[in-house]
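S.K.: Starting off with a structure, shown below.
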Amino acid sequence: MRALPPFWKHLLTVLSGSVAAQALPILAAPLITRLCRPADLGQFGVWYGVVAIAAVAATLRMENAMIIDHAPARQRLCFGVVAWSAGWLAALLTLAATA
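In the working numbering, the protein residues as written are 1 to 99.
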């Protein structure tokens, strides 16, 4: 049997990780629904929606630029922008939640 080219190895790695990440909540759902009340699940759904939208705003989708651009200086710059914007958004959301 021939070894797979690097492209296909990387593709299978990403694919298997994505499948596992999406299968985990599906497999855990029956347990979670037994442990929580419907109202708790509703609150979690609202919280999760806010977090999902805030995550896109916080990272400014710069994590994609970090992967695409291979220059270390630009990767550090992207990381700095993501860390700065995520930190500020987390602080603002914390202040809004405590107010």
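Glycine residues also receive a C-beta, built at the ideal position from the N, C-alpha and C atoms.
(1) By Cβ distance, which residues of its chain are closer than 8 Å to Ala52, with the 5 residues on each side in sequence left out?
(2) Taking contact to mean at least 3 C-beta pairs separated by less than 8 Å, is the segment 52-65 in contact with the segment 84-91?
(3) So the alpha helix (DSSP H) Arg34 belongs to, where does it begin and stop?
(4) Let me know if Cys36 comes out buried or exposed under the rule of 16 or more other beta-carbons within 10 Å of its beta-carbon.
(5) Could you work out which residue in Ile68, Ala99, Thr98, Leu60 is closest to Gly80 when comparing CA atoms only?
(6) To the nearest angstrom, how far is the alpha carbon of Lys9 from that of Ala99?
(7) Roughly how many angstroms separate the alpha carbons of Asp100 and Pro25, rounded to a whole number?
(8) Suppose the cutoff is 6 Å on Cβ atoms and the five residues either side in sequence are ignored; what does the same chain contact list for Ala58 look like?
M.R.: The structure says:
(1) The count along the sequence shown starts at 1 and reaches residue 52 at position 52. Excluding residues within five positions, none has a Cβ falling inside 8 Å.
(2) yes
(3) Here residue 34 is taken as the residue at index 34 of the sequence shown, counted from 1. That run of the alpha helix (DSSP H) goes 6-35.
(4) Along the sequence shown, one-based indexing puts residue 36 at 36. The residue in question, Cys36, is exposed, as its Cβ has fewer than 16 Cβ neighbours within 10 Å.
(5) Stepping through the sequence shown from its first residue, residue 80 is reached at position 80. Here the closest residue by C-alpha is Leu60.
(6) What you label residue 9 is simply residue 9 of the sequence shown in a count that begins at 1. What you label residue 99 is simply residue 99 of the sequence shown in a count that begins at 1. Using only the alpha carbons, I get a separation of about 49 Å.
(7) Any question about residue 100 goes unanswered here, given that the chain covers just 1 to 99.
(8) Taking the first residue of the sequence shown as 1, we reach residue 58 at position 58. Result list for Ala58: Ser85, Ala86, Leu89, in chain order.
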